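Residue numbering for the sequence shown follows our numbering, starting at 18 and increasing by one per position.
Everything below concerns the one structure shown next.
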Amino acid sequence: MTAIGFIALARPTFDVALANQLREQGWLTLTNAGFQLVGPDELVMTIEGVEHTLRLMSIVRPEVLVVMQASFTDASLLLNLVEMARLPVLLWAVPEAPSGGRLRLNSFGGLNLAAHSLKRLGAYYEVVYALPTASTVVEKVRTMSKVAAVCRQLYGTRVGRIGDNAAGYTNALVNYEALQIHLGISIEQIELGEVFHEARAADPKLVGLLTEQMQRDLVGLEGVDQRAVFGTLSLYAALRKLVDRYAVAGLAVRTAPEVFTELACTADGALALLNNEFIPCNADVDVNNVITQLVLQWISDKPATSVEMVQFDHQQGAILLWHAGHAPLSMADPLMQPRASVHPQRQLPLLMEFALKPGRVTLARLSETTGSFRLVISTGEMLQMPMETIGTVGMLRPDSGCEAVMNTVLSEGIEPQFALTYGDHAERLLTMASMLGLATLRL
Numbered sequence: 018m019t020a021i022g023f024i025a026l027a028r029p030t031f032d033v034a035l036a037n038q039l040r041e042q043g044w045l046t047l048t049n050a051g052f053q054l055v056g057p058d059e060l061v062m063t064i065e066g067v068e069h070t071l072r073l074m075s076i077v078r079p080e081v082l083v084v085m086q087a088s089f090t091d092a093s094l095l096l097n098l099v100e101m102a103r104l105p106v107l108l109w110a111v112p113e114a115p116s117g118g119r120l121r122l123n124s125f126g127g128l129n130l131a132a133h134s135l136k137r138l139g140a141y142y143e144v145v146y147a148l149p150t151a152s153t154v155v156e157k158v159r160t161m162s163k164v165a166a167v168c169r170q171l172y173g174t175r176v177g178r179i180g181d182n183a184a185g186y187t188n189a190l191v192n193y194e195a196l197q198i199h200l201g202i203s204i205e206q207i208e209l210g211e212v213f214h215e216a217r218a219a220d221p222k223l224v225g226l227l228t229e230q231m232q233r234d235l236v237g238l239e240g241v242d243q244r245a246v247f248g249t250l251s252l253y254a255a256l257r258k259l260v261d262r263y264a265v266a267g268l269a270v271r272t273a274p275e276v277f278t279e280l281a282c283t284a285d286g287a288l289a290l291l292n293n294e295f296i297p298c299n300a301d302v303d304v305n306n307v308i309t310q311l312v313l314q315w316i317s318d319k320p321a322t323s324v325e326m327v328q329f330d331h332q333q334g335a336i337l338l339w340h341a342g343h344a345p346l347s348m349a350d351p352l353m354q355p356r357a358s359v360h361p362q363r364q365l366p367l368l369m370e371f372a373l374k375p376g377r378v379t380l381a382r383l384s385e386t387t388g389s390f391r392l393v394i395s396t397g398e399m400l401q402m403p404m405e406t407i408g409t410v411g412m413l414r415p416d417s418g419c420e421a422v423m424n425t426v427l428s429e430g431i432e433p434q435f436a437l438t439y440g441d442h443a444e445r446l447l448t449m450a451s452m453l454g455l456a457t458l459r460l
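Written out as structure tokens, the structure reads:
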């Protein structure tokens, strides 16, 4: 059960009975939605009430703090509370029907002053103006609490970077200091030689079990080079071991040409297996996109993968998304059986080949083209399509139109890889960007 801080502020010169009635209704709305509320079961009108609230929140740490303006108040109590609590804040004011006389609550006036004061303070906040029984309040709290948990999870996260980016691949450059300062993420550099050593030492029994699983999941496995299949699955075992050894949440891996030359196989099947286990990976040492994959899977509670835009069909209003077999099998269109294949350039397995299943999707990218971080966001519909290209492919019809997406990507110089997951998570991503102080760009 998610813990939410809750405090209802009021001033005794307003209608205290009505303010308390609204507080009770708001409390009930949130508890009925499944939240554990942490805060006083009464109106707060004094600094002592604020201190009591802080003591309660020190016992059970909430994800966000909901501040209901049950009536107008000045900002002094709020500022004391926010400076000490250090939590994302949702300011909540309640509409008041005209009565022909003096305002009984002036809740919106309190909200306006509160928002002004928090903006001057530089504190993060969101607002909602709704009746205490409104579902919009529940959805806002649900979004903020989920995003706050993701932001907290980011701080202290470690991502593995295996090898260095190849010459000319500027999208894979890493700003170690900025990632630590702005997101709390540290990068663990791992040598390719360690990966190859572990792959060559992989337990044959484990690789045999993995092969049996692949025979159940993929059509045509017996028709590709079995030594290369053994190499890909040995690489998976090695990478899985290194994830535990270095306590990293994801891996940005340099695969070409070293995996081809050292292990005589392709890495893509190994990365797809890890992506399916919620360990995001890509093959181009693109740390920022691995971080974006992490964010998407934490926000959606679904696996994420890495894709590139490779073709724009303006007649259909759709974009062909592709990558050489990174996508998890859980993303496969259920109407077609995934098949074992080979890398399109090197002609080596193991690569998993299938079309992405239809449905709503979100694309995102932690971009640093401008020298500072921006969160790039797009949503759309994945269409059903025939399997015509080697690798994992999908036909995306973006909500904003494919020409607008193409023009924005090129004019803004966005890096070529994007993270993708299923579902529409734009609101959560925008909220996360606000919490972290990141600029955003909608494609």
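Heads up, the beta-carbon is just placed ideally off N, CA and C, and yes, glycines get one too.
Please read these numbers as outputs of a predicted model, since none were measured by experiment.
- For Asp350, the number of other beta carbons within 10 angstroms of its own is at least 16, and it is reported as buried.
- Thr153 carries a helical assignment under DSSP once its states are collapsed to helix, strand and coil.
- Put simply, the region 208 to 220 does not touch the region 316 to 325. Fewer than three CB pairs are less than 8 Å apart.
- Here DSSP, grouped into helix, strand and coil, assigns Arg28 to coil.
- For the set Ile308, Thr457, Ser451 and Ala151, the Cα lying nearest the Cα of Gly139 is the one of Ser451.
- Secondary structure at Arg159: helix, using DSSP grouped into helix, strand and coil.
- For the pair Val81 and Ile24, the CB atoms are not nearer than the 8 Å cut-off.
- DSSP places Met402 outside both helix and strand once states are collapsed to three, so it counts as coil.
- Between Leu35 and Val55 the beta-carbon gap is near 24 Å, outside 8 Å, which marks them as no contact.
- Between the region 247 to 262 and the region 281 to 294, the count of Cβ pairs shorter than 8 Å is three or higher; the stretches touch.
- When C-alpha distances from Leu413 are compared across Ile204, Gly43, Thr150 and Arg377, the shortest belongs to Arg377.
- Of all C-beta pairs linking the region 144 to 152 to the region 186 to 196, fewer than three are shorter than 8 Å, placing the two stretches out of contact.
- Listed in chain order, the beta strand (DSSP E) elements of length 3 or more contained wholly in the region 359 to 422 are 368 to 372, 376 to 384, 391 to 400 and 409 to 415.
- Judged by DSSP in its simplified three-state form, Gly286 adopts helix.
- With contact defined as three or more Cβ pairs closer than 8 Å, the region 43 to 59 and the region 118 to 126 are not in contact.
- Between Ser124 and Ser93, the C-beta gap is not smaller than 8 Å, which leaves the two residues out of contact.
- The bridge partners DSSP lists for Glu325 are Trp339 and Gln434.
- The shortest CA-to-CA distance from Leu437 to any of Ser358, Val312 and Ala421 is the one to Val312.
- Gln243 is classed as exposed because its beta carbon has fewer than 16 other beta carbons within 10 Å across all chains shown.
- Taking Leu280 as the centre and dropping the five residues before and after it, the same chain places the C-beta of Phe213, Ala216, Gly248 and Leu252 closer than 7 Å to its C-beta, in chain order.
- The residues Pro105 and Met452, in chain order, have a CB closer than 6 Å to that of Tyr141 in the same chain once the five nearest residues on each side in sequence are set aside.
- In the three-state scheme derived from DSSP, where H, G and I count as helix and E and B as strand, Arg119 is classed as coil.
- In chain order, Val241, Leu365, Pro366 and Leu368 place their CB closer than 7 Å to the CB of Val359, counting only its own chain and leaving out the 5 sequence neighbours on each side.
- For Tyr253, there is no enclosing beta strand (DSSP E); the residue is part of the alpha helix (DSSP H) that begins and ends at Gln243 to Tyr263.
- The way I'd put it, the region 292 to 303 doesn't touch the region 328 to 336; fewer than three beta-carbon pairs between them come closer than 8 Å.
- With a contact defined as Cβ atoms closer than 8 Å, Ala102 and Leu71 qualify at about 6 Å.
- With contact defined as three or more Cβ pairs closer than 8 Å, the region 222 to 238 and the region 259 to 267 are not in contact.
- When Ile308, Leu427, Glu429 and Ser134 are compared, the shortest CA-CA separation from Gln170 is found for Ile308.
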